[in-house]
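Undergrad: Take this structure first; my questions come after.
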Amino acid sequence: MIHTIIANESQLSEVAEELLEAHPQERVFGFFGEMGTGKTTLIKEICRQLGVEGGMTSPTFAIVNEYWTRDGEPLYHFDFYRIDTPDDATRIGFQDYLYSGSYCFIEWTEKVESLLNGEYTPVTIERIDDMTRKFTF
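Residue numbering for the sequence shown is -6 to 130, as defined by our numbering.
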C-alpha cells in the first residue's frame, strides 16, 4: 500500500502518476473520501495523464461521464452519490462498463461495492487540514 501526503493541489499530478505506476494493469478504481476531499479533482488529473483532452466535469447529476483519450480509448467516471441502491447502478448498465476493459473511476464506491465483488483498486483520500490530503492506494 502506498501512502502519499500532499500540501497543495499542484502536487496532484504526482499522486496520479504514482497511482498509475503502482497499478499498471488495473482498470477499475474505487475512490473513498468525504465530500470535498478531492476525489473528482484527482480523477480529472488521472484522466489527463491517460490522454483525455477537453473538459471533464463531475458526473454528479449524469451519474456517469464518458471521456475519450487522444488514442480513441473510452474512460468512464461514475459518481454514485445520488443513487439509493446498487440496483440503481445496475439499471444504467454499470456492470457492462466494468467488464468493458476500459478504465472505470468510481466515486462513492461504498454504494455499489456489492456489485464489484472486490475486483477494484481502492483509493482513499483523507482530509488532514484545509489544504493537506493523505492518499492511500
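In this text, a Cβ means the ideal position worked out from N, Cα and C, and glycines have one as well.
Give the list of continuous beta strand (DSSP E) stretches no shorter than 3 residues that lie fully inside the segment 65 to 126.
TA: 67 to 72, 96 to 100 and 114 to 120
Undergrad: In angstroms, rounded to a whole number, what distance separates the CA positions of arginine 20 and tyrosine 96?
TA: 4 Å
Undergrad: What are the boundary residues of the beta strand (DSSP E) that includes threonine -3?
TA: -4 to -1
Undergrad: Tell me where the beta strand (DSSP E) around glutamate 59 begins and ends.
TA: If you look at glutamate 59, you'll find it in the beta strand (DSSP E) that goes 57 to 61.
Undergrad: Leucine 91 to asparagine 110, Cα distance in whole Å?
TA: 11 Å
Undergrad: Does DSSP put threonine 129 in a helix, a strand or coil?
TA: strand
Undergrad: Flag this pair as yes or no: are the beta carbons of tyrosine 60 and valine 45 separated by less than 8 Å?
TA: yes
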